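Per my numbering, residue 140 is the first one in the sequence shown, and the count goes up by one each step.
Let me begin by presenting the structure, written as structure tokens, before commenting on it.
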Amino acid sequence: MNKIILDPTELYQPLTDYLVITNEVEWLQSFTLEANAYWIKGKRLCAWTKEWLRVRNKSDLIIEIKQHPRPKLEAIFAPLSIPNNWDNQHIFKMITQLDSYASNHPIESLLADVTNTEENFWLLDNLSVENLAQWLCIEVPEDYQIFEDVWKYKNSQNHDNDNLISYYQSENKHQVLINWLGLGSDLDIINILGKYPLNIPDVYLKEFSDFWRQKIYQTEAKILDELILYQQTGNEIIAFIAYNILLDKPIWITPKRINKISSYLGGQKTSQLQQKLSPIQPLTLSIDASPQDALEWVTESYLPFRRWETTINYTPKEEQMSEQLADDFVNWMLKNYPELKIDNVDKSFLNYNGTSQLVKLAQESIVIWVVVDGLGWLDHQELVTILTQNNQLLLETDITPRFSILPTKTEYAKWSIYSQLLPQHPSWKPNAKSGFSMVKSGNRYTDQNKHELIQDLKENKYQIYCWDTDQLDELYHQEKDWKTLYQVERISRLEGIARNIQHFLDHCPNSKKLKVVISSDHGQIMGDVQKLSNCPEELESKGRMAIGKTDDSRFVFLDARRFGLPHDISIVRNSDCISAFNYTKDKQIIGSHGGLFPEEVVVGFSVLSQSLQRYPVIVTCSGEGKAKRPGELTITIHNHNPVSLTNLCLYINQLNDFKTGKMLDITIKPNDQVTQKISISEYPDLAPDKNENKIELSGQLTFSFSNTDSSQSNLDPQSYIIIKQIFSSGIQGGLDDFF
Numbered sequence: 140m141n142k143i144i145l146d147p148t149e150l151y152q153p154l155t156d157y158l159v160i161t162n163e164v165e166w167l168q169s170f171t172l173e174a175n176a177y178w179i180k181g182k183r184l185c186a187w188t189k190e191w192l193r194v195r196n197k198s199d200l201i202i203e204i205k206q207h208p209r210p211k212l213e214a215i216f217a218p219l220s221i222p223n224n225w226d227n228q229h230i231f232k233m234i235t236q237l238d239s240y241a242s243n244h245p246i247e248s249l250l251a252d253v254t255n256t257e258e259n260f261w262l263l264d265n266l267s268v269e270n271l272a273q274w275l276c277i278e279v280p281e282d283y284q285i286f287e288d289v290w291k292y293k294n295s296q297n298h299d300n301d302n303l304i305s306y307y308q309s310e311n312k313h314q315v316l317i318n319w320l321g322l323g324s325d326l327d328i329i330n331i332l333g334k335y336p337l338n339i340p341d342v343y344l345k346e347f348s349d350f351w352r353q354k355i356y357q358t359e360a361k362i363l364d365e366l367i368l369y370q371q372t373g374n375e376i377i378a379f380i381a382y383n384i385l386l387d388k389p390i391w392i393t394p395k396r397i398n399k400i401s402s403y404l405g406g407q408k409t410s411q412l413q414q415k416l417s418p419i420q421p422l423t424l425s426i427d428a429s430p431q432d433a434l435e436w437v438t439e440s441y442l443p444f445r446r447w448e449t450t451i452n453y454t455p456k457e458e459q460m461s462e463q464l465a466d467d468f469v470n471w472m473l474k475n476y477p478e479l480k481i482d483n484v485d486k487s488f489l490n491y492n493g494t495s496q497l498v499k500l501a502q503e504s505i506v507i508w509v510v511v512d513g514l515g516w517l518d519h520q521e522l523v524t525i526l527t528q529n530n531q532l533l534l535e536t537d538i539t540p541r542f543s544i545l546p547t548k549t550e551y552a553k554w555s556i557y558s559q560l561l562p563q564h565p566s567w568k569p570n571a572k573s574g575f576s577m578v579k580s581g582n583r584y585t586d587q588n589k590h591e592l593i594q595d596l597k598e599n600k601y602q603i604y605c606w607d608t609d610q611l612d613e614l615y616h617q618e619k620d621w622k623t624l625y626q627v628e629r630i631s632r633l634e635g636i637a638r639n640i641q642h643f644l645d646h647c648p649n650s651k652k653l654k655v656v657i658s659s660d661h662g663q664i665m666g667d668v669q670k671l672s673n674c675p676e677e678l679e680s681k682g683r684m685a686i687g688k689t690d691d692s693r694f695v696f697l698d699a700r701r702f703g704l705p706h707d708i709s710i711v712r713n714s715d716c717i718s719a720f721n722y723t724k725d726k727q728i729i730g731s732h733g734g735l736f737p738e739e740v741v742v743g744f745s746v747l748s749q750s751l752q753r754y755p756v757i758v759t760c761s762g763e764g765k766a767k768r769p770g771e772l773t774i775t776i777h778n779h780n781p782v783s784l785t786n787l788c789l790y791i792n793q794l795n796d797f798k799t800g801k802m803l804d805i806t807i808k809p810n811d812q813v814t815q816k817i818s819i820s821e822y823p824d825l826a827p828d829k830n831e832n833k834i835e836l837s838g839q840l841t842f843s844f845s846n847t848d849s850s851q852s853n854l855d856p857q858s859y860i861i862i863k864q865i866f867s868s869g870i871q872g873g874l875d876d877f878f
């Protein structure tokens with residue numbers, strides 16, 4: 140049976156099995172109804188064909204008459220119009236594309252197709268801030284803009300009562316996004332919708348970074364003081380921009396600014412900024428101070444100041460106040476060390492106390508014990524910061540400071556760490572291996588056989604795997620430029636040690652239950668020091684110490700019996716050194732040790748793990764005062780964790796003093812509760828329609844766990860302030876004071 144398709148539009152592509160007729164000659168020659176199928180193109184020919192078939196009663200051979208796509212597209216676009224520059228061919232192309240989608244929502248399918256998104260994204264049952272944020276980032280090709288306009292119109296009809304619809308209807312979605320990112324002049328969208336909920340779109344990243352870089356420079360970083368960073372779009376990007384600028388402009392660094400950006404930087408970068416601050420010159424250390432007070436004085440006062448003088452300010456040695464302060468510590472050690480060495484190991488302030496703790500820890504856990512030769516207190520903090528970046532490892536308890544076993548030379552101090560004995564013991568030998576032979580259920584590895592450690596870990600051979608590395612100490616002895624050593628090479632070497640530790644963990648079958656313990660034998664003198672001239676001939680020199688006794692006043696004497704030593708020792712009192720492996724071009728010495736300076740003596744002990752539960756930090760605030768008058772706020776912080784809380788910053792939405800964050804100059808000790816009163820400049824007014832005198836407080840406390848991983852806690856719901864005011868008159872100059 141014959142079949143005929145009429146296409147008066149001449150837009151459609153004929154089917155392959157049809158005889159196509161496009162003009163009168165072809166029609167007269169070919170339209171004989173001898174073929175099975177005919178495709179007639181053009182208005183005139185279609186009209187001829189219809190009439191010819193009608194008079195012959197064969198109109199039923201017409202199986203389809205193609206319709207012009209314009210009316211169909213007009214119906215889809217209504218009440219919007221088809222763009223004037225679209226010809227019939229383009230209209231046909233668009234209708235064909237719409238018809239190709241096996242969907243009840245062809246416009247949404249088309250938009251998903253041309254923007255490489257999911258169809259469900261465009262099917263909005265309910266508008267949302269997240270959908271708006273995503274939509275603003277989507278660039279619809281210019282040729283398909285009309286379809287997005289139709290989609291927007293449909294949404295306006297379906298969601299006419301939604302307060303988000305006005306943003307979808309904006310003629311300039313680019314400007315809406317710019318404003319929402321905080322880069323425009325109209326910030327109402329931020330006040331209404333809050334911060335932009337997604338990452339800064341890549342296409343706007345440079346503009347965003349340039350904007351904030353300019354703002355920080357223009358205000359000399361003062362803009363950071365008023366910024367509520369956790370509510371700010373792109374807060375991590377802003378924090379890193381601020382970090383780089385502050386490093387370049389240390390004069391703009393303040394503790395408040397460091398604290399504001401610290402939770403976005405991590406411990407290492409925060410530490411770099413803190414080191415740029417000029418610390419307060421410490422008070423002198425009393426010779427009668429307790430061991431705990433002496434350790435606190437070294438770690439919290441002396442060492443930050445010493446580091447600033449030797450690595451930031453580069454104070455000439457003859458002007459260094461830390462040299463004089465160190466002499467107080469030398470005197471303290473001479474008086475107190477003979478008593479310290481008497482205490483039992485498990486209660487001792489000496490360094491081998493850590494080994495006692497480690498042995499107990501190994502009864503329940505597999506332990507990787509990393510003994511870093513020459514790792515002083517500050518370097519220990521740096522290493523822990525690197526290890527805890529991105530929560531690779533978590534600090535279980537605060538880094539514990541301990542006094543090194545004297546003298547601060549590897550052959551004495553490290554042997555004592557392993558053996559838990561003083562060097563005066565008959566079994567002492569000037570090598571670490573003999574000391575470790577007393578450690579049960581463990582094996583010691585050096586830098587030369589780390590591969591064996593990995594293999595033994597895989598086979599679960601021991602409870603204690605001790606990696607004894609001298610990579611850092613070797614660097615200190617070999618480097619010939621102090622600035623390069625401290626600012627570049629030291630960090631690089633510590634990062635290498637951290638990578639090795641992570642490599643060990645990667646090869647441990649059950650690393651989640653494994654503990655990493657960091658300890659050391661001694662630290663290093665900070666800065667480059669002078670070579671001592673005319674060393675007494677009766678002494679056998681070894682760095683900053685010498686075997687033997689001398690009356691030379693430049694030395695202090697350690698009697699073998701009183702100090703638990705295998706022989707009498709003399710130590711240079713100041714920072715000078717008797718001998719060294721290497722010298723700088725100015726004949727100075729770097730990386731010397733063996734003496735009694737705080738940075739040589741005080742070392743750390745830390746325990747880390749990959750899997751660790753952090754417990755709640757409860758923060759409650761309360762207060763009572765008169766509206767518009769100064770007052771006090773009582774803050775109670777309960778730390779349920781076995782690690783200290785540091786870098787505390789309190790945000791309270793209802794109090795102007797706290798809206799941008801207020802630093803709390805306190806450290807919350809492990810498992811401790813602290814209550815502190817803080818002055819506030821002005822208590823707020825009660826709202827005119829408020830019938831009670833209580834204002835509930837909301838906000839959060841941001842903090843770090845012992846200067847490592849950052850966290851935050853919301854204010855407890857029981858936080859509030861009482862306003863002593865009957866009502867708010869709303870009259871300028873007020874009736875309030877009358878009441």
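Ideal Cβ positions, reconstructed from N, Cα and C, are used throughout, including at glycine.
Source: prediction; values computed, not measured.
Identify every run of the beta strand (DSSP E) within the segment 717–762, keeping only runs that are complete inside it and at least 3 residues long; order them along the chain.
-> 741–748
Any idea what DSSP makes of ASP156, helix, strand or coil?
-> In the structure shown, the three-state DSSP call for ASP156 is coil.
Element boundaries [beta strand (DSSP E), containing GLN812] = Run containing GLN812: 812–819, per the beta strand (DSSP E) assignment.
Using DSSP with H/G/I as helix, E/B as strand and the rest coil, what is MET233?
-> helix
Using the C-alpha atoms, what's the distance from PHE216 back to LEU237?
-> 12 Å
Look up SER93 in the DSSP assignment and say whether it is helix, strand or coil.
-> The displayed coordinates of the chain run from 140 to 878. Any statement about residue 93 would go beyond what the structure contains.
Roughly how many angstroms lie between the CA atoms of ILE538 and ILE862, to the nearest whole one?
-> When rounded, the distance between both Cα atoms is 44 Å.
In terms of residues, what are the limits of the beta strand (DSSP E) holding THR841?
-> Start and end: 838–844.
Contacts around PHE844, its chain only, beta-carbon distance under 6 Å, and the 5 residues preceding and following it disregarded | VAL782
Enclosing beta strand (DSSP E) for PHE696 [first to last residue] | 694–697
Inter-residue Cα distance where the pair is ALA465 and VAL509 | 28 Å
TRP261 and GLU247 closer than 7 Å at C-beta = yes
Residues of its chain near ARG701, where Cβ-Cβ distance is below 6 Å and the 5 sequence neighbours each way are ignored = PRO477
From what residue to what residue does the beta strand (DSSP E) around GLY581 run?
-> 581–584
8 Å CB neighbourhood of LEU366 in its chain, flanking five on each side removed | Result list for LEU366: ILE377, LYS399 and THR799, in chain order.
Less than 8 Å between the CB atoms is what I'm expecting for MET684 and LYS548, so what's the real figure, rounded?
-> 6 Å
PHE468 beta carbon less than 7 Å from that of LEU434 | no
Take GLU771 and list the residues in its own chain whose beta-carbon comes closer than 8 Å to its own, dropping the five residues that flank it on each side.
-> Counting only Cβ-Cβ distances below 8 Å, and skipping sequence neighbours, we find GLY762, GLY764, LYS816, ILE817, SER818 and ILE819.
Which residues in the same chain have their Cβ closer than 7 Å to the Cβ of LYS408, if we skip the five residues on either side of it in sequence?
-> TYR382
Residues that GLY764 bridges to, as DSSP identifies them | ILE862
Residue from LYS681, SER672 and ILE757 whose Cα sits closest to the Cα of GLN727 | SER672
Measure how close the beta-carbons of CYS716 and GLY662 come, nearest whole angstrom, since I'm counting them as under 8 Å.
-> In this structure, CYS716 and GLY662 do not form a Cβ contact; the two beta carbons are roughly 14 Å apart against a cut-off of 8 Å.
Taking the Cβ atom as the reference point for each residue, do PRO389 and LYS415 lie within a distance shorter than 7 Å?
-> yes
Could you check what DSSP says for LEU874 in three-state terms: helix, strand or coil?
-> Because the pLDDT of LEU874 is 49, which lies under 50, any placement of that residue in the model is unreliable, and the number read from its coordinates should be weighed accordingly. When secondary structure is reduced to three states using DSSP, LEU874 falls in the coil class, being assigned neither helix nor strand.
Check whether the Cβ atoms of THR148 and HIS207 sit closer than 7 Å, and answer yes or no.
-> It is a contact, given that the beta carbons lie within the stated cut-off.
Do you know how far the Cα of LEU534 is from the Cα of MET472?
-> Roughly 30 Å between the two C-alpha positions.
Given that a residue counts as buried once 16 or more other Cβ atoms are within 10 Å of its Cβ, and exposed if not, what is ILE143?
-> buried
Opening and closing residue of the alpha helix (DSSP H) in which ILE317 lies | 312–319
By a C-beta neighbour count over all protein chains shown, 10 Å radius and 16 as the cutoff for buried, is ASP427 buried or exposed?
-> exposed
Status (buried if at least 16 other CB within 10 Å, exposed otherwise) for ASN659 = Reading off the sequence, residue 659 comes out as Ser, not Asn. SER659 is buried by the Cβ-count criterion.
Mind checking whether GLY734 and ILE708 have CB atoms under 7 Å apart?
-> no
What's the call for LEU154, buried or exposed, on a 16-neighbour Cβ count within 10 Å?
-> Of the residues assessed, LEU154 falls on the exposed side of the cut-off, its CB having fewer than 16 other CB atoms within 10 angstroms.
Hey, out of PHE350, LEU303 and ILE729, whose CA is closest to LEU611's CA?
-> ILE729
Whose C-beta lies closer than 7 Å to the C-beta of GLU359 among residues of the same chain, with five residues either side of it excluded?
-> TRP391
Alpha carbon to alpha carbon, how far is ALA176 from LEU275?
-> 51 Å
In or out: ASN792 buried (at least 16 other Cβ within 10 Å) or exposed?
-> exposed
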